[in-house]
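Taken in sequence, the protein lines are chains A and B. Under this note's numbering, the first residue of the first sequence carries the number -19, and numbering increases by one thereafter. Under this note's numbering, the first residue of the second sequence carries the number 2, and numbering increases by one thereafter. Everything below concerns the one structure shown next.
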Amino acid sequence: MRKPFLLASTLLALGYVVAYTQEVGHGESTIEESLDSLFEANQDGVAVEDESDMRAVFETDSRPVVSGSFKSTGGAAFGWREVNLKALEFTEFDGTIGVTSEATLRLDARPTSSFRFFASVSTSVDPFGSSVGWSYPSGFSEAYADYSGVAGLFARVGKFSSSWGQGKVFNPGDLVSDLSTGFALRLVVPLSRFSVSGIAFMKDGFFDGSPSPSWKDLGYLARIDASSPGLTVSAGARYQVDEGLKAMAGAKAIVGGFDLYADAVISTSLADYGWVALFGVYKDWTDMVLAGEQIVGGDLACLASIRSAVAIGFNNLLFGNWDLGFRIEQDWIDSSGSIWAAFAFPMFEGLQMQVFSRAVYGLEGTYYRNRNEDPSKRMLAFGLIGTLSFDF
Amino acid sequence: MNKRLRLLFQNVILCCAVALAQDAVLLRTDQLLNFSGDVAAEYRIEKRDPGGSTEITIATIFRRDEKGLFLALILSPSADKGKGYLKQGDNLWLYDPVGKTFTFTSAKERFQNSSMRNSDLGRSTLSKDYRIIGQRNEKLGSFDCEVFDLEALSDKVSFPRSRIWVSPEGLVRKAEDYSLSGQLMRTTAIPSYQKLGERWLPQSMVILDHLRSKRVGDRIEYERTSIQISKPTTRPQPDSLYTKEYLEKIAR
């Protein structure tokens, strides 16, 4: 009698254990998302062709669009104007506070698909600067008209900004950085895989030496771009009778997912006679960005500058929305440099905070000491900045 | 000896015939999906983070498959309206209206940070980019599909290995994209197509990114991108549409 009872009990217990573990196993098993349920029925159909002009929503607006932005930046920083790391000496302590605001208004009118007018005007205030109160706008930041539609030609005339060159930290190839200070006419002829553009421009000072200004006093820019799979090349030049000639050439290739680029500039201008070459690498992984650049320059006699820069950025590194950035720049001729690191994070809608640390090193009179952007020329500084910004 | 030579010759012929037939399958798929003129449509792209938020982008995509061109213009969100991507062959241009610069990058990159790659938006190039290394039949819901294992012919494509489910009409219904090591990176489902003339355009697509996942309860959720394609048109577009200057012109 005992043996069958024992056997039955054991079997019952075993069965319970097996059932329990299966239940646990089922609860702990993971269900992976699958798309196969989307194919239960054939949902193919015949499309009804849309008759509307899908470009119109981008090219034309029945009314001019007024938009703008407002940005106010304030913060505090402290640090030392003189730092001797070998002796661990930190002298000339200094602390500052500051606040600036800037407002921009923009008008964008697109009455037809061929014509567009754009203008923007800005004003700013720096209560700790020379004058308390909004600065009177000295003119339009940009005001230009676009015309297109004749044999693919694109024309822009007025006051506008533009940018050449590929550098992220150093950008010697940007021969048009001062275009927005004057008035220019730009024409572009797109030709399949080529693009040819020409600019005629004028700015203050061009006509100073001429009793009767003529086309000879204008500045001229020309550029040609060409691209093939994975490679783009460009060449350009700038000439103005007083400035002299500057020529640039650039190339960019995508290798292994990395952008590799190079720019070279030669200048015959007496003000900055010589040559400059830039080499760079860039990669954007969405949550991380890496940029590295090397710039060398000189004249026919000698090599005058060798500088390097590395910048790394991490998006959403901490707490889902804190960004971290580093940038290091070094001049290998005079051994000066700068190091910058910052955390940026949103506080409320439109308000972003930044905690930063900045160091500039090198002897007095060296490249980076001369270009120290700190308002108090501190060599080592720590600070907190808040930026409130809105677009409307 | 003659018998062996004849047998060898017959085998070679047979292999070539099979390879040609398989190439014809991919070529037929490409022909069904690529248009001879311009084609444009509105794409509604909804990206859902695993267990998290949803982002919606609406874009108008213009394609000129014969020249390997496409232009994508963002309609929504309003902060991105007017931003655009121009693809010329394997090159992709993005215009930054703030910096007034063009960024030149690879078509392998993600579109608007979603699971879609920029290369998904252009013409179909299966026959040019892949070769078939395996084949079987499988039922996918209501579709009797042929399943093909594909191997990339060059490193220009986004994924070195793929597996595609092709329905009897010759349309790709599902695709699994793998890394070289065999890790499943992405699953794409195209449950419905719309016929436009003699060609087909996807009507809805769903993409799961297996590299971005999160455990939610007893489920593993992947980053999911759902695409609805509407308002298709084959209206001819001007050549100037597929230029960088056009991106600069319409940027805000």
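Positions of the beta carbon are idealized from the N, C-alpha and C atoms, including for glycine. Remember, it's a predicted structure, so these values are computed and weren't measured experimentally.
Checklist entry - Among all the DSSP beta bridges, which residues are the ones paired with F259/A? => result Counting from one through the first sequence, the residue named residue 259/A turns up at place 279. The partner list for F259/A (beta bridge, DSSP) reads A242/A, Q274/A.
Next on the checklist: Which residue wins for smallest C-alpha separation from M117/B, given the options S214/B, E224/B, N3/B?
Outcome noted: What you label residue 117/B is simply residue 116 of the second sequence in a count that begins at 1. Among S214/B, E224/B, N3/B, the Cα nearest to that of M117/B is on E224/B.
Next on the checklist: Comparing C-alpha positions only, which one of I246/A, I234/A, Y241/A sits nearest to M228/A?
Outcome noted: As a first step, residue 228/A must be located in the first sequence, where it is residue number 248. Minimum Cα distance to M228/A is reached at I246/A.
Checklist entry - Whose Cβ in chain A lies nearer than 7 Å to the Cβ of P192/B? => result As a working note, residue 192/B is residue 191 in the second sequence. For a Cβ distance threshold of 7 Å, residue set L18, F19, Q23 of chain A lies close to P192/B, ordered along the chain.
Next on the checklist: If contacts are defined as beta-carbon pairs under 8 Å, then G135/B and D16/A qualify, I think. What distance do you get, rounded to the angstrom?
Outcome noted: For the purposes of this step, residue 135/B is taken as residue 134 along the second sequence, with counting starting at 1. For the purposes of this step, residue 16/A is taken as residue 36 along the first sequence, with counting starting at 1. At roughly 20 Å, the Cβ-Cβ gap does not stay under 8 Å, so G135/B and D16/A are not in contact.
Next on the checklist: In the DSSP assignment, the alpha helix (DSSP H) including V46/A goes from what residue to what residue?
Outcome noted: Translated into positions along the first sequence, residue 46/A becomes position 66. Annotation for V46/A: no alpha helix (DSSP H) segment contains it, though the beta strand (DSSP E) segment containing it runs 45 to 64.
Checklist entry - Roughly how many angstroms separate the alpha carbons of A80/B and I57/B, rounded to a whole number? => result What you label residue 80/B is simply residue 79 of the second sequence in a count that begins at 1. What you label residue 57/B is simply residue 56 of the second sequence in a count that begins at 1. The C-alpha of I57/B is placed about 12 Å away from the C-alpha of A80/B.
Item to check | Pick from F105/B, R7/B, L33/B that is closest to L127/B, judged by C-alpha positions | outcome: Sequence index remark: in the second sequence, residue 127/B carries index 126 (1-based). Of all alpha-carbon atoms in F105/B, R7/B, L33/B, the one lying nearest the alpha-carbon of L127/B is that of L33/B.
Checklist entry - Near M327/A, which residues of its chain fall below 6 Å by C-beta distance, leaving aside the five closest residues on each side in sequence? => result The residue labelled residue 327/A in the question sits at position 347 within the first sequence. Here the set comprises M333.
Checklist entry - What residues from chain A crowd round Q136/B, counting only those whose CB sits closer than 7 Å? => result Indexing the second sequence from 1 puts residue 136/B at position 135. Per Cβ cutoff of 7 Å: no residues; Q136/B is ~20 Å from chain A at best.
Next on the checklist: At a CB distance below 8 Å, what residues from the region 63 to 91 of chain A approach chain B? Give them in sequence order.
Outcome noted: For chain B, the residues of the region 63 to 91 of chain A that bring a beta carbon within less than 8 Å of one of its beta carbons are D88, in chain order.
Checklist entry - Should M(-19)/A go down as buried or exposed, given a rule of 16 or more other Cβ atoms within 10 Å for buried? => result Residue numbering aside, residue -19/A sits at position 1 when the first sequence is read from its first letter. Only weak support exists for where M(-19)/A lies, its pLDDT of 42 falling under 50; the coordinates are left without a value.
Checklist entry - Do we get a CB-CB distance below 7 Å when we pair K51/A with the residues of chain B? => result Position 71 of the first sequence, counted from the first residue, corresponds to residue 51/A. Residue contact check for K51/A against chain B: no CB pair falls below 7 Å.
Next on the checklist: On the CB-based measure, 16 or more other CB atoms within 10 Å of its CB, does P237/B come out buried or exposed?
Outcome noted: As a position in the second sequence, residue 237/B is number 236, starting the count at 1. When all chains shown are included, P237/B counts as exposed.
Next on the checklist: Which residue wins for smallest C-alpha separation from G162/A, given the options A242/A, F181/A, V149/A, T248/A?
Outcome noted: Position 182 of the first sequence, counted from the start, is the residue given in the question as residue 162/A. With distances taken between Cα atoms, G162/A lies closest to F181/A.
Checklist entry - Taking 7 Å as the CB-CB limit, is S115/B close to chain A? => result Here residue 115/B refers to the residue found at position 114 when the second sequence is read from its first residue. Chain A contact via Cβ: absent.
Checklist entry - By the 10 Å Cβ neighbour count, where 16 or more other Cβ atoms means buried, how is Q220/A classified, buried or exposed? => result Against the first sequence, residue 220/A aligns to sequence position 240. The residue is buried, with at least 16 neighbouring Cβ atoms inside 10 Å.
Next on the checklist: Does chain A have any CB closer than 7 Å to the CB of P233/B?
Outcome noted: In the second sequence, counting from the first residue as 1, residue 233/B sits at position 232. P233/B belongs to the set of residues whose beta carbon lies under 7 Å from a beta carbon in chain A.
Checklist entry - Using the beta-carbon of each residue, which ones in chain B are nearer than 9 Å to F134/A? => result Along the first sequence, one-based indexing puts residue 134/A at 154. In chain order: S241, T244, E246, Y247, E249, K250.
Checklist entry - Which ranges does the beta strand (DSSP E) cover as unbroken runs of at least 3 residues, wholly within the region 85 to 166 of chain A, from first to last along the chain? => result DSSP runs (the beta strand (DSSP E)) wholly in the region 85 to 166 of chain A: 95 to 105, 122 to 128, 134 to 139.
Checklist entry - In angstroms, rounded to a whole number, what distance separates the CA positions of G153/A and G278/A? => result For this step, residue 153/A is matched to residue 173 along the first sequence. For this step, residue 278/A is matched to residue 298 along the first sequence. The straight-line gap from Cα to Cα measures roughly 15 Å.
Checklist entry - What in chain A is Cβ-close to V167/B, meaning under 7 Å? => result For the purposes of this step, residue 167/B is identified with residue 166 of the second sequence, where counting begins at 1. Against V167/B, chain A offers no close residue; the least beta-carbon distance is about 13 Å (beta-carbon pairs closer than 7 Å).
Next on the checklist: By the three-class DSSP mapping on this structure, what secondary structure does R124/B have?
Outcome noted: Here the question's residue 124/B lines up with position 123 in the second sequence. Under the three-state reduction of DSSP output, R124/B falls in the coil class, being neither helix nor strand.
Item to check | Under the three-state DSSP convention, the category R35/A falls into | outcome: Within the first sequence, residue 35/A is the residue found at index 55, counting from 1. Coil, per DSSP.
Item to check | Where the alpha helix (DSSP H) containing E246/B begins and where it ends | outcome: Start at 1 with the first residue of the second sequence, and residue 246/B comes out as number 245. Run containing E246/B: 245 to 251, per the alpha helix (DSSP H) assignment.
Checklist entry - Listed from N- to C-terminal order along the chain, which residues in the region 41 to 75 of chain B have their beta-carbon within a distance smaller than 7 Å of any beta-carbon of chain A? => result For the region 41 to 75 of chain B, which is checked against every Cβ of chain A, the residues closer than 7 Å are A41, T61, L74.
Item to check | Chain-ordered neighbours of V99/B on chain A, where CB pairs are closer than 9 Å | outcome: The residue labelled residue 99/B in the question sits at position 98 within the second sequence. By Cβ distance, chain A contributes nothing, its closest Cβ being about 10 Å from V99/B, past 9 Å.
Checklist entry - Closest Cβ-Cβ distance between F174/A and chain B: below 7 Å? => result As a position in the first sequence, residue 174/A is number 194, starting the count at 1. False, the Cβ-Cβ gap to chain B never drops below 7 Å.
Checklist entry - Cβ of K183/A less than 7 Å from any chain B Cβ? => result On the first sequence, position 203 is the one that residue 183/A refers to. For K183/A, not one C-beta of chain B is nearer than 7 Å to its own C-beta.
Checklist entry - Cβ of M34/A less than 7 Å from any chain B Cβ? => result Here residue 34/A is taken as the residue at index 54 of the first sequence, counted from 1. True, the Cβ-Cβ gap to chain B drops below 7 Å.
Item to check | Endpoints, the alpha helix (DSSP H) within which Y253/A is located | outcome: Here residue 253/A refers to the residue found at position 273 when the first sequence is read from its first residue. Note, Y253/A: premise wrong, no alpha helix (DSSP H); not H, not E.
Item to check | When S159/B, Q184/B, G85/B, V207/B are compared against Y131/B, the one with the closest alpha-carbon | outcome: Here residue 131/B is taken as the residue at index 130 of the second sequence, counted from 1. Y131/B has its Cα closest to that of S159/B, out of S159/B, Q184/B, G85/B, V207/B.
Item to check | Pick from K250/B, P233/B, Y243/B that is closest to A27/A, judged by C-alpha positions | outcome: Here residue 27/A refers to the residue found at position 47 of the first sequence. Looking at the Cα atoms, P233/B is the closest of the given residues.
Checklist entry - Helix, strand or coil: how does DSSP classify T188/B here? => result Along the second sequence, read from residue 1 onward, the residue named residue 188/B stands at position 187. Strand at T188/B.
Next on the checklist: Please report the distance separating the alpha-carbon of G230/A from that of Q146/A.
Outcome noted: Taking the first residue of the first sequence as 1, we reach residue 230/A at position 250. Taking the first residue of the first sequence as 1, we reach residue 146/A at position 166. In this model, G230/A and Q146/A are separated by some 8 Å (Cα to Cα).
Checklist entry - Which residues bound the alpha helix (DSSP H) around N301/A? => result On the first sequence, position 321 is the one that residue 301/A refers to. Counted as a single uninterrupted DSSP element, the stretch harbouring N301/A is not any alpha helix (DSSP H), since DSSP gives it neither H nor E.
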